[in-house]
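One structure below.
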Amino acid sequence: MATHPMHGWVPRQVTADKVTTAMDGDINPFTKKPLSATYKKILEARKKLPVYGYMEEFYRIFNETQITVMVGETGSGKTTQIPQFVAYSDLPHLKGKMIACTQPRRVAAMSVAKRVADEMDVELGKEVGYSIRFEDMTEPGTTFLKYMTDGMLLREAMNDPSLARYSTIILDEAHERTLATDILMGLLKDICKNRPDLKVIVMSATLDAQKFQRYFGTEKKLAPLLKVPGRTHPVEVFYTQEPEPDYVEAAIRTVLYIHQAEDPGDILVFLTGEEEIEDACRKIKIEADELASQDPHVGPLMCVPLYSSLPPQQQQRIFDPPPKPRRPDGPPGRKVVVSTNIAETSLTIDGIVYVVDPGFSKQKVYNPRIRVESLLVSPISKASAAQRAGRAGRTRPGKCFRLYTEKDYIKELEEQTYPEILRSNLANTVLELVKLGIHDLVRFDYCDPPAPETIMRALELLNYLAALDDDGNLTALGSMMAEFPLDPQMSKLLITSPEFECSNEILTIVSMLSVPNVFLRPPNQRKEADAAKALLSIPEGDHLTLMNIYNSYKQNEHDKNWAWNNYLSARALMQADNVRNQIQRIMERLDIDLTSRTVTGPRFYDNIRKTLVCGFFMQVAHKEGERNAYKTVKDNQAVSLHPSCGLDTNPEWVLFNEFVLTSKSFIRTVTAIKPEWLLELAGNYYDLKQFPAGETKSALQRVLNKQLGRQIQGNGESGAPDARKKKKQKTDHQAQGGYSTPPAVQGYATPPAGTARYSQHRPQAS
DNA sequence: GAGCACTGC
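Residue numbers for the first sequence follow the UniProt record's numbering, beginning at 1 and rising by one.
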């Protein structure tokens, strides 16, 4: 019998020599099966990757240190090769541990896992697998190299806080600074202190590695860095002489210039959103056709839009070949892709030689003062500009036209895009962290600490939802809420819903709220689309309409065209079904009853609407003034019902799912509610003693007075008893958490102290 | 009376 290729190897003391020999052998050291011809062919290609030449340096650093930072430009091969290098060092197949490599996106986790399984000559899902939401392609006990989304690893950490099943964790694309990667960095830094056997590699594409080196290093010493060059073609960058007042117009002009004056090669234009892109495509097409008809030296041009809400079939058009010349000897055709940021990271288009970069993108911003996330067209960062330019050099040398001056580039653009953690509502993240056992959220070791006010807002919300007690400890309810991959308001609804006998319905609504907009509205069929929507609408509220749509969809599942005929997105409805199944499984695991009332009609809807109040009592608006003028409760923001809203009247009180800031402040997905429910089900938030003066308070006061008046009339007493007093008993959801640490918000303002600030959600006996 | 940049659990 031949000697095992890894005979005598000591984990983490292997050398590049030994590994290379093993790779060149005839036996797969991990499966002991003979290596195939395909393996050997792929191996030759692997050896040409830049990272392959750095194997020795990699092992020198990796064997000696716990946390390594690695920079590898596009095309270096780091994502596929480094995890394999680690496998030869960790020998995870012998120790029963795994190597994890995280990715910000699902498709990347899937496709890289497939590639690496081929490279290692194993079947995908066996030794090499992947794990993403809705799909676990791994085999316990067999899989030792697992590609996964960063969010998935964070979820795992909640049940296994030391991530004991892993010997090495690789955070890939760390420069993207997703929320999950940022939290994982903080956790891993901490876990490493107690787990000297765990190794961490932080991989990034930009040269901002120093930040990670400092973060993971000690006061005296930076974490070690391995730097590997990329393999791309040079891209020549041009700037405008003067700032461009209208970047869309300038982008169109630049495309037409390239088309007339530059060599063949496709063009990629970055714009900010759907409307802008469709508009630009139309204009480019008209002008290019005119040019071609006037000038015989100008070839045909096709213009393709690209953004995420485009149906997949139309997205595929970006891969179509450019148009053929009009005559056999005529000028060649050219393809123009006008895209959002999706083409910056998520999608790669081959054949792009020219990039037009106006320097803007839509970015999420969070304003903790008014608790609103919104999208804002903002200047991109230098890192983002470099990424865009790089898209021109994937197949051959290219050119990038930046529609701003070089001076503005140097002076005005930030180095890096703001990490997501600084631009998000953190309610969900804070609940996850508390569940992970992190109690001092302000002092958690973030790579970039969020504003204390953002954390405070999150704690406040979680406290009002009774997920955290007044000392910031996780309650039993909060612990359950953290099990759901949902916003805390939504998990609260699910857990509360059996008390109102409508958990099946709430489960549907929550699922529909968790997927992209289901309503289609083609520009030339708006009336038809609106009419179709009206037929499915329920006048009491958009939440109920969503439920009705899902139910109709399921009833008509046999009819493939049902969604299309009703101007609904079949893709979104399928996603909702998928999410619903996942959430239902979690509810079953947590023993949350799945119930429905047998009676239907308005009374039934009342229960659903009441349940909605239990989660969304902080997202309520009151009509003030005529027609469509509302003010949000407590914050007193002036808002209007979004035109997509299906309510047939303007009710005095509404609950909303979303605050959108576009041309105006709108509230979207709205359901009518009764003020009595607010007082009854969310008494602590609607404690009028704590309420800011204003019309909302007066209106609530009138309701309260009326209730009290009725009570006085009813029992003939003179003293006015507090109508809400009898509701002070805590429900079983509000059990105490098991922690006894100091308040999480030490040193920062906490929400106004009252008695226990729980929302009370016992339905009134009727 | 108008919009979903992009991800992720």
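Cβ coordinates follow ideal geometry from the N, Cα and C atoms, glycine included.
Legend entry - Short Cβ contact (9 Å threshold) for residue 34 with residue 5: no
Legend entry - Distance between beta carbons of residue 639 and residue 666, contact taken as under 8 Å: 6 Å
Inset, instruction - Give me whichever residues DSSP pairs with residue 72 in a beta bridge. - result: 228
Legend entry - Close beta carbons around residue 393, own chain, < 6 Å, minus the five adjacent residues each side: 232, 233, 235
Legend entry - Rounded straight-line distance, which links the Cα of residue 647 to that of residue 211: 51 Å
Legend entry - Contact under 9 Å by Cβ, residue 576 with residue 550: yes
Inset, instruction - Put residue 454 into one of helix, strand or coil per three-state DSSP. - result: helix
Inset, instruction - Put residue 555 into one of helix, strand or coil per three-state DSSP. - result: helix
Legend entry - Check whether residue 21 and residue 122 have beta carbons under 9 Å apart: no
Inset, instruction - Grab me the residues of residue 548's own chain with a C-beta within less than 7 Å of its C-beta, minus the 5 sequence neighbours each way, in chain order. - result: 536, 538
Inset, instruction - Decide yes or no for the touch test of the segment 294-310 against the segment 340-348: beta carbon pairs closer than 8 Å, at least 3 of them. - result: yes
Inset, instruction - Please classify residue 855: does DSSP put it in a helix, a strand, or coil? - result: Any property of residue 855 remains undetermined from this structure, which presents the chain solely from 1 to 766.
Inset, instruction - Count the CB pairs spanning the segment 652-660 and the segment 616-634 that are closer than 8 Å, and state whether there are at least three. - result: yes
Legend entry - Own chain partners of residue 96 with C-beta closer than 8 Å, once the 5 adjacent residues on each side are dropped: 141
Legend entry - Alpha-carbon spacing of residue 72 relative to residue 473, whole angstroms: 42 Å
Inset, instruction - Helix, strand or coil for residue 731, going by three-state DSSP, please let me know. - result: Residue confidence is low: residue 731 scores 36 on pLDDT, short of 50, so the model does not pin down where it sits. Its coordinate-derived value is still stated next. Looking at residue 731 - three-state DSSP - the assignment turns out to be coil, as it is neither helix nor strand.
Legend entry - Among 586, 68, 195, nearest to residue 224 - alpha-carbon criterion: 68
Inset, instruction - Measure the Cβ-Cβ separation of residue 181 and residue 104 and say whether it is below 9 Å. - result: yes
Legend entry - Cut-off 8 Å between Cβ atoms - residues of its own chain near residue 697, not counting five sequence neighbours on either side: 688, 691
Legend entry - CA-to-CA distance, residue 52 to residue 46, given in whole angstroms: 7 Å
Legend entry - Coarse secondary structure for residue 630, derived from DSSP in three states: strand
Inset, instruction - Kindly indicate which residue of 275, 663, 534, 191 has the alpha-carbon position closest to the one of residue 519. - result: 534
Inset, instruction - Let me know the secondary structure DSSP gives residue 205 once reduced to three states. - result: coil
Inset, instruction - Output yes or no for whether 9 Å exceeds the beta carbon distance between residue 208 and residue 383. - result: yes
Legend entry - Pair within 9 Å by beta-carbon distance, residue 170 and residue 152: no
Legend entry - Distance between residue 429 and residue 10 (C-alpha atoms, nearest Å): 40 Å
Inset, instruction - Determine the direct distance from the alpha carbon of residue 399 to that of residue 245, and round the result to whole angstroms. - result: 22 Å
Inset, instruction - Would you check if the distance between the CB atom of residue 578 and the CB atom of residue 58 is smaller than 9 Å? - result: no
Legend entry - Segment limits, alpha helix (DSSP H) that includes residue 63: 55-64
Inset, instruction - Could you tell me which residues DSSP pairs with residue 622 in its beta bridges? - result: 631, 653
Inset, instruction - Quick one: using the 10 Å Cβ neighbour count with 16 as the cut-off for buried, is residue 722 buried or exposed? - result: Per-residue confidence for residue 722 stands at a pLDDT of 40, beneath the threshold of 50, marking its modelled position as unreliable; the derived number appears in the next sentence. It is exposed - the Cβ of residue 722 has fewer than 16 other Cβ atoms within 10 Å.
Inset, instruction - Please report how far the alpha carbon of residue 386 lies from the alpha carbon of residue 156, in whole angstroms. - result: 34 Å
Legend entry - residue 347 versus residue 25: straight-line alpha-carbon distance, rounded: 36 Å
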